[in-house]
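Take the working numbering: the final residue in the sequence shown is number 918, and no numbers are missing along the way.
Heads up, the beta-carbon is just placed ideally off N, CA and C, and yes, glycines get one too.
In this text, all values refer to a predicted model and were calculated from it rather than measured experimentally.
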Amino acid sequence: MLDTVYRDFGTGYVPRWHGDIIDPAAAYLAPARHTLLVAVDGAAGDVVGTAALDARGPAHPPNPRHLAERYPSGETAQLRRVYVRPGHRRRGLARRLVGELLAFAAADGGYRSVYLHTDPAVPGAEGFWRSLGKVVHDEREDPVGGQGIVHFEVPMV
């Protein structure tokens, strides 16, 4: 996950955004309604993908207020850290990981929606999420700018 924030996002580690990466057990494994999936290349034993889900809705700020109100914590399953290493992309791995997260959210019984946001500058990210969900807000269309992030809702399984 750290490789991704450096390589794909170009931001490097930013504590207020990436604290869960440093302690994924506390963020995704300890809370009962959260989960973290890790895909491992069986031959090499390398981690090649991750995908996580938690019960925290989008925070305002930095996200628009209407999204924080529409997707409240506790009722919203937020997809996070869906990353696949470049050499393993376009093989259906991310779609499979997301499918498992959606099944987890549906089985929980307490989530009423699934939300995520993505940086459209990351190659393939926007197209991938458009194939699975619907755009609920595109900050590139905001008159005052925003962060350029695209926000999605994905139907539960």
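Quiz item: Smallest Cα separation from Gln908: which of Arg857, Gly810, Asn824?
Solution: Asn824
Self-check item: Nonlocal neighbours in the same chain, by C-beta distance under 8 Å from Ala882, ignoring five residues either side
Solution: Gly909
Quiz item: Between Gly853 and Glu900, what straight-line distance do the alpha-carbon atoms span, to the nearest angstrom?
Solution: 28 Å
Quiz item: Leaving out five residues before and five after Lys895 in sequence, what residues of the same chain have Cβ atoms less than 7 Å from its Cβ?
Solution: Phe913, Glu914
Practice problem: Report the option in Thr837, Val905, Trp890 whose CA atom is closest to the CA atom of Arg794. | Solution: Thr837
Practice problem: Would you be able to state if there are at least three C-beta pairs under 8 Å between the stretch 842-860 and the stretch 790-809? | Solution: yes
Quiz item: Taking C-alpha atoms, which residue in Leu862, Val845, Val859 lies nearest to Gly885?
Solution: Val845
Quiz item: Taking C-beta to C-beta, are Leu858 and Ala812 nearer than 9 Å?
Solution: yes
Exercise. In the DSSP assignment, find the beta strand (DSSP E) that holds Thr772 and state where it starts and stops.
Key: Segment: none, Thr772 is in no beta strand (DSSP E) and carries neither H nor E.
Quiz item: Which residue comes first and which comes last in the alpha helix (DSSP H) that contains Ala867?
Solution: 854-869
Quiz prompt | Nearest neighbour of Ala867, chosen from Asp815, Pro776, Val775 [CA to CA] | solution = Asp815
Self-check item: Nearest candidate by alpha-carbon position, reference Gly860, set Asp880, Phe889, Ser834, Gly848
Solution: Phe889
Quiz prompt | From Leu893, His827, Pro785, Met917, residue whose alpha carbon lies closest to that of Phe865 | solution = Met917
Quiz prompt | Residue from Thr879, Pro819, Leu840 whose Cα sits closest to the Cα of Pro833 | solution = Pro819
Quiz item: Bridge partners of Arg841, per DSSP?
Solution: Ala813
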